[in-house]
Structures are given as structure tokens and as C-alpha cells.
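Residue 110 in my numbering is what sits at position 105 of the sequence shown, and the numbering runs on without skipping anything.
Ideal placement from N, C-alpha and C gives every residue a C-beta, glycine not left out.
Predicted model, so just to flag it, every value in this text is computed and none were measured.
Note sheet for the following structure.
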Amino acid sequence: MVGDTNDMLARLKSVLPVRWFADTTPILDAVLNGFAWAWCELYALLGFVKLQTRLASASGIFLDIAAIDYFGLTLSRHTGESDAAFSLRLRANLIAPRATRAGLVLALENETGRTPFVFEPLNATDTGGYNSYTLGYGMVGGYGCQNLPFQFFVQAFRPNASPISNAGGYNDGPGGYGVAPMFYSNVSDIPGIVTDADIYAAAAGVLPVATTAWIYISN
6 MVGDTNDMLA RLKSVLPVRW FADTTPILDA VLNGFAWAWC ELYALLGFVK LQTRLASASG
66 IFLDIAAIDY FGLTLSRHTG ESDAAFSLRL RANLIAPRAT RAGLVLALEN ETGRTPFVFE
126 PLNATDTGGY NSYTLGYGMV GGYGCQNLPF QFFVQAFRPN ASPISNAGGY NDGPGGYGVA
186 PMFYSNVSDI PGIVTDADIY AAAAGVLPVA TTAWIYISN
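Spelled out as C-alpha cells, the structure:
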């Protein structure tokens with residue numbers, strides 16, 4: 006394979022004069038294998054370095070460094086969040102719309118996986134109105150208010166719990182058929198923990214200047 010020890014050994018031997026050595030060169034091969042191993046490691050390191058130069062392929066601590074480069078301290082990795090999930094969230098935030106209602110909804114959807122409820126007291130589409138066929142139970146409706154300029158209300162939702170959060174723990178039930186889930190798991194089964202502070206930060210990061218969002222977070 007290109008870049009492995011055998012490949013590097015062949016490349017080194019290819020530049021040596023053939024008539025200097027016999028057909029079988031065990032001593033020469035042993036010496037050159039040391040150099041070939043070093044070049045193989047350098048080749049692998051260069052491949053790794055190349056991956057870290059792009060947000061889509063960066064991993065580990067280099068992905069966290071990229072997050073700081075692009076977003077400062079406003080968008081950090083959640084506890085237990087995988088590289089793939091964190092990378093996807095970073096790239097989504099790079100091109101996410103901002104300063105609009107749609108941008109706020111999308112930001113909270115990306116953060117929690119759930120669509121928030123937004124109510125603007127000066128938006129007739131939200132409040133409805135008399136003699137309006139849209140006003141009614143299960144449709145739209147709410148008291149409007151002209152004393153709340155550039156303000157609106159948001160009900161955001163915490164992420165849905167994963168199956169592991171309902172499973173019985175070691176030496177601590179319940180767990181069993183018809184009682185509660187019980188299974189082997191590892192860290193990969195625990196999603197990135199999204200805190201209320203993360204939800205508030207996601208909303209604040211897309212709000213236009215001089216606006217106020219009154220946010221209520223529920224399950």
C-alpha cells in the first residue's frame with residue numbers, strides 16, 4: 006500500500022545503484038527498514054495533519070480548536086458529544102441564517118432536535134383577529150400587545166431522552182421484561198448533553214440587535 010513500510014523500502018532501494026549490491030541484501034534491507042519505518046510514520050502524520058486543516062474532517066482536540074477559531078467560546082462541545090455530531094453542528098452554524106424568526110427556529114432545532122413555539126405579540130399571524138377564520142382552538146390565537154415592541158415569546162424544548170436514560174443501572178433496578186429496559190451499553194449510547202444554558206446561548210446567538218426573546222424551556 007502506498008506509504009507503508011514496504012512501499013518506502015522499495016522507494017529507497019529504487020534510487021540505489023543496482024550493481025552495488027547482490028540480488029539478496031538482508032543486511033541492507035535491515036538498515037533501510039529503519040529509515041522506511043520513519044518515513045512511513047511521517048507519511049501517516051502528514052495525512053493526519055491534512056485532515057485537521059478542514060472542518061469537515063478534523064477530529065479530537067483539533068475540532069475543538071477549530072470551533073474556537075470560528076466561534077470563540079460561544080459554541081463548544083457538549084459533554085459526551087462525538088466528533089461527528091460536533092462537526093455537523095459546527096458546519097450547520099457556519100451557514101445558519103440569523104436575525105430572523107426562521108433563523109431562531111432553525112438554531113433551536115439544530116441544538117435540541119425539537120421545533121420551538123414562537124409567539125410575536127405584534128404579529129397578526131400569531132395573534133389572529135376578530136372575524137378571522139384562522140382564530141380558534143388548535144390553530145392560532147393569543148393576546149397581542151403594542152407595548153412590547155421588538156419582543157417575542159419562545160417556548161423551547163429540551164432534547165428527548167435517549168433509551169439509556171430509562172435503563173436500570175448496575176446493582177440498581179428496576180430492569181426486566183415488562184418492567185424497564187435493561188441492556189449493555191457504552192459511552193457511544195449517551196448523546197451529547199444539552200443544558201438549558203446551551204439552549205439560551207443558541208437563541209442569543211441568532212437574535213438581531215435590540216430585540217428581546219422571553220424564553221421558557223420545558224420538556
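Could you check the C-alpha separation between residue 210 and residue 218 for me, to the nearest Å? What you label residue 210 is simply residue 205 of the sequence shown in a count that begins at 1. What you label residue 218 is simply residue 213 of the sequence shown in a count that begins at 1. Cα-Cα distance, rounded: 12 angstroms.
Test item: CB-CB of residue 115 and residue 157 under 9 angstroms: For the purposes of this step, residue 115 is identified with residue 110 of the sequence shown, where counting begins at 1. For the purposes of this step, residue 157 is identified with residue 152 of the sequence shown, where counting begins at 1. For residue 115 and residue 157, no; Cβs fall outside 9 angstroms.
Suppose you measure from the CA of residue 220 to the CA of residue 164; what does that come to, to the nearest Å? By 1-based counting over the sequence shown, the position of residue 220 is 215. By 1-based counting over the sequence shown, the position of residue 164 is 159. A direct Cα-Cα distance of roughly 16 angstroms separates residue 220 from residue 164.
Does the pairing of the stretch 6-22 with the stretch 38-49 give three or more beta-carbon distances under 8 angstroms? By the C-beta criterion, the stretch 6-22 is judged to be in contact with the stretch 38-49, since at least 3 inter-stretch pairs fall below 8 angstroms.
Do three or more CB pairs link the stretch 118-133 to the stretch 85-95 at distances below 8 angstroms? The stretch 118-133 makes no contact with the stretch 85-95: fewer than 3 CB pairs, one atom from each, lie closer than 8 angstroms.
Who are the Cβ neighbours of residue 118 in its own chain at under 6 angstroms, not counting the five residues just before and after it? Within the sequence shown, numbered from 1, the residue matching residue 118 stands at position 113. Once the five neighbours on either side are set aside, the close Cβ partners of residue 118 are 164.
Output the residue ranges of the alpha helix (DSSP H) runs that lie fully inside the stretch 52-121 and measure 4 residues or longer, sorted by chain position. Complete alpha helix (DSSP H) runs here, min 4: 65-76, 88-99 and 106-117.
Would DSSP call residue 10 helix, strand or coil? Locating residue 10 in the sequence shown gives position 5, counting from the first residue. Here residue 10 sits in helix by DSSP.
Cα separation between residue 65 and residue 78? On the sequence shown, residue 65 is found 60 positions in, with the first residue counted as 1. On the sequence shown, residue 78 is found 73 positions in, with the first residue counted as 1. For residue 65 and residue 78, the distance between alpha carbons rounds to 17 angstroms.
To the nearest whole angstrom, what separates the beta carbons of residue 155 and residue 216, a pair I think is in contact under 8 angstroms? The residue you call residue 155 lines up with position 150 of the sequence shown. The residue you call residue 216 lines up with position 211 of the sequence shown. About 5 angstroms separates the two Cβ atoms, so the contact holds.
With DSSP collapsed to three states, give me the class of residue 161. In the sequence shown, counting from the first residue as 1, residue 161 sits at position 156. Here residue 161 sits in strand by DSSP.
Exposure label - residue 20; buried when at least 16 CB within 10 Å: If you number the sequence shown from 1, residue 20 lands on position 15. Exposed.
Alpha carbon to alpha carbon, how far is residue 50 from residue 102? Give it in angstroms, no decimals. Within the sequence shown, residue 102 is the residue found at index 97, counting from 1. Within the sequence shown, residue 50 is the residue found at index 45, counting from 1. If you draw a straight line from the Cα of residue 102 to the Cα of residue 50, it comes to about 37 angstroms.
Own chain, CB closer than 8 angstroms to residue 208, minus 5 neighbours either side, in chain order: Along the sequence shown, read from residue 1 onward, the residue named residue 208 stands at position 203. In the same chain as residue 208, and ignoring 5 residues on each side of it, the C-beta atoms closer than 8 angstroms to its own belong to 109, 112, 113, 159, 161, 218 and 220, in chain order.
Note down, in chain order, each residue of its chain lying with its Cβ closer than 6 angstroms to the Cβ of residue 122, except the 5 sequence neighbours on either side. On the sequence shown, residue 122 is found 117 positions in, with the first residue counted as 1. If you ignore the 5 residues before and after residue 122, its C-beta comes within less than 6 angstroms of the C-beta of 160, all in its own chain and listed in chain order.
If I measure Cβ to Cβ from residue 126 and keep anything under 6 angstroms in the same chain, skipping five residues before and after, which residues do I get? Taking the sequence shown and counting its residues from 1, the one referred to as residue 126 is at position 121. When the five nearest sequence neighbours on each side are left out, the beta carbons in the same chain lying within less than 6 angstroms of the beta carbon of residue 126 are those of 149, 150 and 153, in order along the chain.
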